[in-house]
Amino acid sequence: MIQFSANFNSINNTRHYRLLSYSRQTYCKDWKSYEHIHPYTEIFFITEGKGYFHAIDKDIPLKKGMVILNNPNVRHTEFSSESEPLAYAVFAFDNLAFAINKESQALQPVQGAPSQTQTFCFDYSSNYEELKTILRYIENEYEEHKAFWEMAVLNKIDEFMLFLFRHTAVVSLPYDSSQKPNTLSLVHLYVRSRYHEDITLDKLANIFYLNKFYLAHAFKKKYGMPLIQFLNQTRCDAAHRMLETTNLSITEIAISVGFNSVSHFSETYKKFQGVTPAHTRKKAFNSMDNNPD
Numbered sequence: 228m229i230q231f232s233a234n235f236n237s238i239n240n241t242r243h244y245r246l247l248s249y250s251r252q253t254y255c256k257d258w259k260s261y262e263h264i265h266p267y268t269e270i271f272f273i274t275e276g277k278g279y280f281h282a283i284d285k286d287i288p289l290k291k292g293m294v295i296l297n298n299p300n301v302r303h304t305e306f307s308s309e310s311e312p313l314a315y316a317v318f319a320f321d322n323l324a325f326a327i328n329k330e331s332q333a334l335q336p337v338q339g340a341p342s343q344t345q346t347f348c349f350d351y352s353s354n355y356e357e358l359k360t361i362l363r364y365i366e367n368e369y370e371e372h373k374a375f376w377e378m379a380v381l382n383k384i385d386e387f388m389l390f391l392f393r394h395t396a397v398v399s400l401p402y403d404s405s406q407k408p409n410t411l412s413l414v415h416l417y418v419r420s421r422y423h424e425d426i427t428l429d430k431l432a433n434i435f436y437l438n439k440f441y442l443a444h445a446f447k448k449k450y451g452m453p454l455i456q457f458l459n460q461t462r463c464d465a466a467h468r469m470l471e472t473t474n475l476s477i478t479e480i481a482i483s484v485g486f487n488s489v490s491h492f493s494e495t496y497k498k499f500q501g502v503t504p505a506h507t508r509k510k511a512f513n514s515m516d517n518n519p520d
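Here the sequence shown is numbered in the working numbering, starting from 228 and rising by one per residue.
Below is the structure:
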């Protein structure tokens, strides 16, 4: 549940990074923990509860007072404890990435292999009130919109950043926009690699932070076919290979490539392949009989 949300796209500043948004969220029953990816950096501050942060096949335990720095284009999601609901504040920044500061004498060194670190985790439970005060100030400035509130918000962001750099072995770097993979290409790759999962237009829009109508239009324009058509084509191509090379039943193949019913699979398969799954299987087996080893 989003308890506070602010969009800062309109703020102009001379820093190498740009603050996009800030929000404060609390776990509730309809919380959707989808792995997702986006071309901007996020800074999480855990304000209550417990859970874990999943990034690059790694689970980071979370508790009150922890700070997570997650670089651009790192697939991730957050999970909450049922008994101690997770709550956090999160900043989104454009043109910003974090790296290890090898010369730092920080109180909290980065754990893990430096060359592979894209997600950084630090425990600041002892500094909780100090950091929480910064967040309250930012929220108040945004809500009250007093004169020069934008400058006040950016100054507090600088204060938050200064705290991080003085206490952690990380440094901020400009994130070259040429490094950012096209989001539609990431959607295309996601579908090709995870076609067997429960994929819908709504789910993809949530994962990649896109409006679903924009996603549908832009994907068709770029790839020449609707996104769901591409998904079904990919599933049917995979099913075709399995029908020819495995002994799995048609029902088992339908389920393994992402279809919920055999009838829907058969109908869709015939649309894309021109023949039924049974015909493909029979043709493949006849070919094997005619060409014994």
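Beta carbons: idealized from backbone N, C-alpha and C, even for Gly.
What number of angstroms, rounded off, separates the C-alpha of residue i from the C-alpha of residue j?
| i | j | result |
| --- | --- | --- |
| Trp376 | Tyr369 | 7 Å |
| Leu381 | Tyr244 | 11 Å |
| Phe446 | Tyr417 | 13 Å |
| Phe306 | Lys509 | 46 Å |
| Val398 | Phe457 | 41 Å |
| His506 | Arg302 | 40 Å |
| Ala453 | Glu471 | Looking at the sequence itself, residue 453 is Pro, so the reference to Ala does not match. Their backbone Cα atoms lie some 27 Å apart in a straight line. |
| Lys291 | Tyr315 | 9 Å |
| Phe512 | Ser490 | 22 Å |
| Ile455 | Asn487 | 15 Å |
| Ile327 | Ala481 | 46 Å |
| Arg393 | Thr410 | 34 Å |
| Tyr261 | His423 | 16 Å |
| Pro341 | Met388 | With a pLDDT of 38 at Pro341, under the threshold of 50, the modelled position of this residue cannot be trusted, and the question is left open. |
| Phe499 | Phe271 | 45 Å |
| Lys285 | Tyr279 | 10 Å |
| Thr427 | His467 | 22 Å |
| Thr395 | Thr346 | 13 Å |
| Ser476 | Cys463 | 15 Å |
| Pro266 | Ser250 | 18 Å |
| Glu479 | Ala465 | 13 Å |
| Leu313 | Gln252 | 8 Å |
| Met469 | Ser420 | 16 Å |
| Glu356 | Trp258 | 27 Å |
| Ile434 | Ser412 | 14 Å |
| Asn367 | Leu358 | 15 Å |
| His263 | Lys430 | 10 Å |
| Leu246 | Ile361 | 15 Å |
| Arg363 | His415 | 40 Å |
So does residue i have its beta carbon nearer than 6 Å to some heavy atom of the ligand NAD?
| i | result |
| --- | --- |
| Ile283 | Here there are no bound small molecules, and the ligand NAD is not part of this structure. |
With respect to the beta strand (DSSP E) encompassing residue i, which residues constitute its N-terminal and C-terminal limits?
| i | result |
| --- | --- |
| Arg251 | 245-253 |
| Glu305 | 303-307 |
| Lys277 | 277-282 |
Where do the N-terminal and C-terminal ends of the alpha helix (DSSP H) with residue i fall, by residue?
| i | result |
| --- | --- |
| His415 | 410-421 |
| Leu289 | From DSSP, Leu289 is part of no alpha helix (DSSP H) but of the beta strand (DSSP E) over 285-290. |
| Val380 | 376-394 |
| Phe499 | 489-500 |
| Lys430 | 428-434 |
| Asn354 | First-last for Asn354: undefined, no H or E at that position. |
| Glu479 | 477-483 |
Exposed or buried, residue i, counting other C-beta atoms within 10 Å across all chains shown (16 or more means buried)?
| i | result |
| --- | --- |
| Cys348 | buried |
| Tyr351 | buried |
| Leu442 | buried |
| Met378 | exposed |
| Ile365 | buried |
| Thr268 | buried |
| Cys255 | exposed |
| Phe325 | buried |
| Ala374 | exposed |
| Pro299 | buried |
| Pro336 | Note that Pro336 scores 46 on pLDDT, short of 50, meaning its location in the model is unreliable; the coordinates nonetheless yield the value given after this. Under this definition Pro336 is an exposed residue. |
| Ile283 | exposed |
| Thr473 | exposed |
| Asn438 | exposed |
| Gly485 | buried |
| Val502 | exposed |
| Pro504 | buried |
| Tyr496 | buried |
| Tyr402 | buried |
Kindly identify the DSSP beta-bridge partner or partners of residue i.
| i | result |
| --- | --- |
| Ala314 | Thr253, Glu275 |
| Val180 | Residue coverage of the chain in this structure runs from 228 to 520, which leaves residue 180 outside it and unanswerable. |
| Thr346 | Asn297 |
| Ala319 | Ser248, Glu269 |
| His506 | Its beta-bridge partners do not exist; DSSP assigns none. |
| His263 | His303 |
Note down, one range per segment and in chain order, each alpha helix (DSSP H) of at least 4 residues found wholly within the region 450-475. 454-472
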